[in-house]
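Asks: The structure is given below, and queries will be raised subsequently.
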Amino acid sequence: MSSAILTIDLDAIAENWRALDAMTGCETAAVVKADAYGLGAAQVAPVLAREGVQRFFVAMAEEGAALRAQLGPDPDILVFSGHMPGDTDLIADHRLTPLLNSIDQLTLQFEALPGHPFGIQLDTGMNRLGMEWEEWAVVAEIAIEQHPVLVMSHLACADEPDHPMNPYQLDLFHQMTDGMDVPRSLAATGGILLGPDYHFDLTRPGIGLYGAAPFVQARPTVRLDLPVVQIRSLREGEVAGYGNSWQAARPSRIATLSTGYADGMLRSLSHKALLWHEGTPCPLVGRVSMDLVTVDVTDLPQEPAFLTLIGPGQGVDQLADQAGTIGYEMLTALGPRYARRYLSG
Ligand SMILES: *Cc1c(COP(=O)(O)O)cnc(C)c1O
């Protein structure tokens with residue numbers, strides 16, 4: 001068996017959802033876009049539905065259609081990208097709820113699917129998705145008459161609790177929505193941690209469910225074990241990998257492992273990552289290749305069959321730090337070639 005084993009702990013994901021839910025007095029939804037941040041929406045979403053999640057968020061209508069097949073008719077599935085031209089049939093056939101981002105989307109929705117549930121996304125300064133104040137002022141009254149299921153906005157800097165953008169966006173969201181008879185949502189994982197002022201009627205955590213920053217108390221949800229394909233002895237002065245960029249400073253034993261940048265083992269981890277054999281760290285040496293990496297196992301007492309890249313010795317966030325990225329990117333990059341094992345119950 002040369003494929004790495006990615007173990008995904010569904011119980012830990014459920015526990016993280018319960019922990020985030022316990023921090024607020026409002027409804028807690030779940031964001032499962034990008035295949036549940038790379039961990040498998042087909043496995044993750046039904047577990048969260050059993051925990052009591054009634055509303056799921058995805059990025060695009062196609063993801064919503066796939067999720068509907070996995071979840072059955074009951075939960076609501078809301079789509080961040082709203083109602084794009086060409087989405088009408090998907091939205092109608094799979095009973096998706098678009099979060100309308102512009103007057104054009106609102107017009108399309110009301111013409112193509114009158115009476116169909118929808119929500120509204122407002123821009124409060126991130127300048128990515130949603131209606132800005134001027135557009136909202138034009139259509140707010142008409143939109144509210146049609147009873148949107150939710151009016152939401154998104155924080156740009158919620159992972160930095162002291163950032164002045166947080167109270168600025170909160171204030172703007174209030175000004176754009178106060179006095180309107182409609183459920184509201186502003187917080188993702190970072191916003192939940194900012195406290196009750198940010199919670200409104202519903203929160204939308206993603207990354208916190210999957211065990212990464214900014215929810216640092218989260219239970220880890222993934223473990224990645226990489227099989228050793230081969231071990232060889234190098235004399236002092238011999239080199240390893242593309243570009244001969246690593247040279248043995250002592251007689252060394254070098255293990256070749258089955259993972260590479262095609263599996264989300266980012267090439268920026270070359271010469272940087274640590275892999276673990278039980279409690280002992282072993283440095284990745286040389287460059288990450290497409291399918292293989294080389295690791296210095298000289299200091300291990302015996303030849304390992306596997307080394308652990310993500311596990312008790314090193315979490316997703318630590319590895320992301322070494323790669324110069326964030327847990328979100330590390331998780332969504334986890335490769336399709338890994339054999340996936342799901343733990344639950
Ligand atoms: C991705 C996303 C979320 C979830 O954010 P996390 O930081 O992963 O909790 C919530 N709302 C919107 C609009 C998003 O794009």
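By the count of my numbering, the sequence shown reaches residue 345 at its end, each step adding exactly one.
Glycine is no exception: its CB is placed at the ideal position from the N, C-alpha and C atoms.
(1) Kindly indicate which three-state DSSP category Asp201 falls into: helix, strand or coil?
(2) When you compare only the Cα positions, how much space is there between Thr88 and Val138?
(3) When you compare only the Cα positions, how much space is there between Gly82 and Asp9?
(4) For the segment 273–306, list the beta strand (DSSP E) runs that are entirely contained and at least 3 residues long, ordered along the chain.
(5) Hey, out of Lys33, Thr221, Ala143, Arg204, whose CA is closest to Leu155's CA?
(6) Whose C-beta lies closer than 6 Å to the C-beta of Pro281 among residues of the same chain, with five residues either side of it excluded?
(7) Does the distance between the C-beta of Phe200 and the nearest non-hydrogen atom of ligand 1 fall short of 7 Å?
(8) Helix, strand or coil: how does DSSP classify Glu63 here?
(9) Which residue wins for smallest C-alpha separation from Cys26, given the options Tyr328, Ala14, Gly195?
(10) Applying the criterion that 16 or more other CB atoms from any shown protein chain within 10 Å of the CB defines a buried residue, is Met152 buried or exposed?
(11) Among the residues of its own chain, which have a CB less than 7 Å from the CB of Val293, if the five just before and after it don't count?
(12) Ends of the beta strand (DSSP E) at Thr7?
(13) Counting pairs of beta carbons, one from the segment 210–225 and one from the segment 311–330, are three or more of them closer than 8 Å?
(14) Report the rounded CA-to-CA distance for Pro164 versus Ala158, giving the unit in angstroms.
(15) When the Cα of Phe118 is compared with those of Met126, Asn127, Thr124, Leu108, which residue comes out closest?
(16) Determine contact between the segment 43–58 and the segment 70–81, defined as no fewer than three beta-carbon pairs at a distance below 8 Å.
(17) Would you mind working out which of Ile91, Glu329, Glu134 sits nearest Gly115, comparing C-alpha positions?
(18) Going straight from the alpha carbon of Leu186 to that of Asp171, what length do you get?
(19) Let me check you understand the geometry: is the CB of Phe110 closer than 7 Å to at least one non-hydrogen atom of ligand 1?
(20) Using DSSP with H/G/I as helix, E/B as strand and the rest coil, what is Val316?
(21) Near Ala34, which residues of its chain fall below 7 Å by C-beta distance, leaving aside the five closest residues on each side in sequence?
(22) Can you tell me which residues form a DSSP beta bridge with Tyr342?
(23) Within its chain, find whatever has a CB closer than 6 Å to the CB of Glu51; leave out the 5 residues flanking it on each side and keep chain order.
(24) I need the straight-line Cα distance from Val290 to Tyr242, nearest angstrom please.
(25) What's the gap between the Cα of Ala262 and the Cα of Gly335?
Replies: The structure says:
(1) coil
(2) 24 Å
(3) Straight across, the Cα-Cα distance linking Gly82 with Asp9 is about 31 Å.
(4) Runs of the beta strand (DSSP E) inside the segment 273–306: 274–277, 280–285, 292–296.
(5) Arg204
(6) Apart from the 5 residues on each side of it in sequence, Pro281 sits with its Cβ closer than 6 Å to the Cβ of Leu274 in its chain, given in chain order.
(7) no
(8) helix
(9) Answer by Cα proximity: Gly195.
(10) buried
(11) Leu257, Thr259, Gly260, Met265, Leu284
(12) Here the beta strand (DSSP E) through Thr7 covers 5–9.
(13) Proximity of the segment 210–225 to the segment 311–330 meets the contact definition, three or more beta-carbon pairs being nearer than 8 Å.
(14) 10 Å
(15) Leu108
(16) yes
(17) Per the Cα distances, Ile91.
(18) Each residue's Cα considered, the two are about 11 Å apart.
(19) Outside the cutoff, so no.
(20) helix
(21) Ala59, Thr332.
(22) Ile8
(23) Ala14, Trp17
(24) Residue identity differs from the one stated: residue 290 is Met in this sequence, not Val. In a straight line, the C-alpha of Met290 is about 11 Å away from that of Tyr242.
(25) 7 Å
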